[in-house]
Amino acid sequence: MTETTHRIPDTQADLSFGRLTLGSTDARGNGWFGMAALVTTEACLFAYLLFSYYYMALHYGRDWLPPELPGFKFSIPMTALLFTSSVVVWIGERGIKQGRSAVCAIALAGGALLGIAFVALEATEWADKDFTISTDSYSSLYFTVTGFHMAHVVGGVIMLLAVALWTALGKFDAHRRDPVSIAAFYWHFVDVVWVAVFTTIYVTPHLFN
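Sequential numbering of the sequence shown, starting at 0, is according to numbering that gives the first Met the number 0.
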């Protein structure tokens, strides 16, 4: 009779060979790589939209832009809100790594509130415009690009609030923190995209003028 030997999985050994984890552990699990794939896809979509904007702007020049160029009354405060939110979310991610769940939960909730403030300012700016999405090609791209980004901000706010609640309920800690990292990853992506949107929509028109 031959003796059958069963291998007991060695988590640390598996991780050292780059195997994906199945749970929210210290290592990046399936969810993180899934989010990376989503972010890559969304980055391509934003690139297509911004390419369309630059194509029209370079092809038609100043005549394509509205008589009143986009100002910075709302856009600069919106930028400050998102930059601040990224720092706050980073503090939350750092907090969970140090085992400070309360700090993490508060920081993530704070980042979400800053995101809500951003959405409110964006909506206020929309209401302040004297054109609609159907006015011309510029207005169509303006509302499409900023609206697409706002939708991502709303999604990020929901994600941050959910993870903040789960963290407050003790679902995550220093060793089981993958969802926190995933939410933070997505939020930082949204903030980086805003830099491209801000530069394109609000800065370049003054350069073309």
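Ideal Cβ placement from N, Cα and C applies to all residues, glycine included.
- The region 90-108 makes no contact with the region 62-79: fewer than 3 CB pairs, one atom from each, lie closer than 8 angstroms.
- Counting only the Cα atoms, ALA173 lies some 14 angstroms from TRP165.
- The criterion of a C-beta distance shorter than 7 angstroms is not satisfied by MET34 and PHE207.
- Under the three-state reduction of DSSP output, GLY28 falls in the strand class.
- Excluding five sequence positions before and after GLU121, the CB atoms of its chain that fall closer than 7 angstroms to its own CB belong to MET77, THR145 and MET149, given in chain order.
- Residue range 177-197 is occupied by the alpha helix (DSSP H) that includes PRO178.
- Non-local C-beta neighbours of LEU49 in its own chain, meaning closer than 8 angstroms and more than five positions away in sequence, comprise VAL144, ALA195, VAL196 and THR199, ordered along the chain.
- With contacts defined by Cβ atoms closer than 7 angstroms, HIS151 and VAL118 do not form a contacting pair.
- Between VAL162 and ALA182, the C-beta gap is smaller than 7 angstroms, which places the two residues in contact.
- Segment contact: the region 76-94 against the region 105-119, three or more CB-CB distances shorter than 8 angstroms; contact assigned.
- Leaving aside the five residues that flank TYR53 on each side, none in its chain has a CB nearer than 6 angstroms to its CB.
- Within the same chain, ALA106, GLY109 and GLY110 come within 6 angstroms of VAL87 by CB-CB distance, once the 5 residues on both sides are set aside.
- Going by DSSP, LYS96 is part of the alpha helix (DSSP H) stretching over 74-96.
- PRO204 is a Cβ neighbour of LEU68, given a cutoff of 7 angstroms.
- Collapsing the DSSP output to three states places ASP129 in coil.
- Collapsing the DSSP output to three states places GLY70 in coil.
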